[in-house]
Structures are given as C-alpha cells and as structure tokens.
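Residues 1 to 254, numbered by UniProt numbering, are exactly what the sequence shown covers, in order. Don't be surprised by glycine CBs; every beta carbon is placed ideally from N, CA and C.
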Amino acid sequence: MLTTKQKADLGILFKIPNEIRLAYLRLKFAGDKVICPCCQSTFREFAPFSIWKKPNSWCVQCESLERHRALWMYLETKTDIYSKPLKLLHVAPEDMFFKRFEKEPNIEYYPADILPYLYRKGTKYLDLLSPDIPDNTFDVIICNHVFAYIEDDKTAMHNVYKMLKPGGWGILQVALDPTKAVTHEDLTITDPKERERIFGLNDHVRLYGLDYADKLKEAGFDVLIDDYTAEFSDEEIFKYGFWKGDPFYVVSKK
Ligand SMILES: [Zn+2]
C-alpha cells in the first residue's frame, strides 16, 4: 500500500482537486533555488510536469511551463508589447498571460479560440479556418501550440497572416523536432495512441520539422528564428526553469 506522499510523488493523486495537489507540491518544492518569471514564486526546483515527467518544469504556483517562462521574459525584454498602444490577438490564451494582458493599459486584448469554454471567461470564439477572417486587424498575434491540431494548417497560417496588420508581429510556436528537416504529417493516423506515439500528443496530426519556417514564409510572413535561451548560462537556465533550444518563431508582416 502506497502512502499519500508516495502517491503524490508518483503523480497518481490526479483525482484530488488540482488546488489541493498544487498546495501540497508548493510545500514539497519550497525553497529559493529557482524563480518563476511569471509569478515571482521561488522553489527549490520546479516540479516535474505530470505528462512528460520532465524535471524542473512546472511552476506549482501559476502553472507555467518552460516555454511560458521563457516567453514571459522574452516579451518583457525583447519586444514593445508593454510599451505602446496595440491590439493583441491571443489564440489558445494561456492563463498566466491572459491575466496580465487584460490588465495592461496599453493593450486592447482579444483572447480567442475555437473552443473558448476551455479558457478563461472572456475568451471569444475564433475559427482560424473561417472564410470570414478579418483583414489587417491586429498589431500583435500570439498563437502558440495551435497549428499541430489543425489538419489544414496552411489555411490557418495564412489566416493568421491575413489578420496581422502590416508592420505587425507575432509569435507562433509549435511542437517541433529539431532533428527532422521535414514535418511529419499523416492525416490517416487517427488512433489517439498512435498519434501520441508518433506526434507527441494524442490529438496532434503532425510533428513539425525544421521546414516549419518555410511554411510560415509560404503563408506570407517574414520569419526570425530567435534562439533566446542561448543568451543564458546553464545556471540561469536552471534558475528560471527554461528549456534549452526551443527557439522563438517571431513573424512579421511588411
Ligand atoms: Zn509561476
């Protein structure tokens, strides 16, 4: 018979409310060796994330992962997102960013998704494949980890391009295997277990390769691949719980 602590360590306390689990993990990981840029909480390390069990991954205060913390800092230090009036489309709006963006006085915030009920209240309906996508509407578009769910990703990327104003920019991250030159897509694979085995998640329809940038260019974007975490020492990578590699795909429209 496993003790509660052993069960928690093994990540099999899934049935208990998330808040209780998080409170337990906050005690378990209490310390000051790492700091979350998104919520400023400190821990001895970030918790392993439930699905992949990667160490130093999950902030048990704001629930950020590596990519959220890196993006948080990137937006603050490398972009003008907080310094001038702009209209921001945020597709599949991650919670910690939603809370911040909606409070920023310079940002006219438009959180949206095809399944808005999965996100915070206020998220609007948006189908990236709709023929009625508005032209030249947003100064900035953040759309992370969305395209791998969409069979017709070409149309989705083109519509994101269409919605961006000339002179605007965006961050369009995807799950990508940097060891593969070419994206692996097979729409005939529909079994969730097979999809998970081949594409990484059970509802993904492809795993992008290094040709992702070409796909964005085909949609019309200029593309900057910014290997942001390369600017940090190994100590800093640990301290902020970043994932080395995983560059930002920063797009812009002339
Ligand atoms: Zn946090």
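Which residues in the same chain have their Cβ closer than 6 Å to the Cβ of residue i, if we skip the five residues on either side of it in sequence?
i, result
"D75", "One point to set straight first is that residue 75 is Leu, not Asp, in the sequence displayed. For L75, where only same-chain residues beyond five positions count, the Cβ hits under 6 Å are I81."
"D127", "I114"
"N56", "E45, F46 and G241"
"A92", "D113 and V146"
"E19", "none"
"R26", "V60"
"T137", "M163"
"Y119", "P93 and D113"
With a cut-off of 8 Å on the beta carbons, I'd call residue i and residue j a contact; round off their distance for me.
i, j, result
"D203", "K165", "With a Cβ gap of about 31 Å, D203 and K165 do not count as contacting."
"G209", "K180", "4 Å"
"I141", "V250", "Not really, about 11 Å apart at Cβ, beyond 8 Å."
"K162", "D132", "Actually they are not in contact, since the Cβ atoms of K162 and D132 sit about 11 Å apart, beyond 8 Å."
"L207", "D177", "5 Å"
"M96", "C62", "5 Å"
"Y149", "V205", "7 Å"
"A253", "G168", "A small fix is needed here, since residue 253 is Lys in this sequence, not Ala. Their Cβ separation, rounded to whole angstroms, is 6 Å, which keeps K253 and G168 in contact under 8 Å."
"D153", "V182", "At roughly 14 Å, the Cβ-Cβ gap does not stay under 8 Å, so D153 and V182 are not in contact."
"L216", "M157", "6 Å"
By the DSSP assignment, the beta strand (DSSP E) with residue i in it spans what residues?
i, result
"V251", "F248 to S252"
"D153", "Not the beta strand (DSSP E): D153 falls in the alpha helix (DSSP H), residues D153 to M163."
"K99", "Where K99 is concerned, there is no enclosing beta strand (DSSP E), although the alpha helix (DSSP H) it sits in stretches over D95 to F101."
"F199", "Counting along the chain, F199 falls outside any beta strand (DSSP E), though it belongs to the alpha helix (DSSP H) covering P192 to F199."
"residue 297", "Lying outside 1 to 254, the shown extent of the chain, residue 297 is not represented and no answer is given."
"I142", "F138 to C143"
"L224", "D222 to D226"
Got a sec? Which residues, its chain only, sit under 8 Å from residue i by beta carbon, not counting five neighbours each side?
i, result
"A30", "F43 and R44"
"R69", "C36, P37, C38, C59, Y240, G241 and F242"
"R78", "The question names Arg, but residue 78 in the sequence shown is Lys. Counting only Cβ-Cβ distances below 8 Å, and skipping sequence neighbours, we find D226 and Y228."
"A175", "H145, A148, F199, G200, L201, H204, L207 and Y208"
"P192", "N202 and D203"
"N159", "L128, L129, S130 and I133"
Which residues does DSSP pair with residue i in a beta bridge?
i, result
"W72", "Bridge partners of W72: none, in fact."
"V182", "None, per the DSSP bridge assignment."
"P111", "H90"
"K78", "According to DSSP, which records beta bridges pairwise, K78 is partnered with nothing at all."
"T42", "I35"
"L207", "H184"
What are the boundary residues of the alpha helix (DSSP H) that includes residue i?
i, result
"E235", "D234 to Y240"
"E19", "N18 to K28"
"K217", "Y212 to E218"
By Cβ distance, which residues of its chain are closer than 7 Å to residue i, with the 5 residues on each side in sequence left out?
i, result
"T123", "P93, P111, A112, D113 and P116"
"L224", "V250"
"R67", "Q173, W243 and D246"
"E196", "N202"
"F49", "S57, W58 and L65"
"I237", "T229 and K244"
"L155", "According to the sequence as given, residue 155 is Thr; it is not Leu. L129."
"D234", "none"
Taking Cβ positions only, does residue i come closer than 8 Å to chain C?
i, result
"N159", "Reference to chain C is not applicable here, since this structure consists of a single protein chain."
- Message: Does the stretch 37-54 come into contact with the stretch 217-231, if we say contact requires no fewer than three beta-carbon pairs (one atom in each stretch) closer than 8 Å?
- Response: no
- Say whether the stretch 104-118 touches the stretch 79-94, bearing in mind that this needs 3 or more beta-carbon pairs closer than 8 Å, one atom from each stretch. yes
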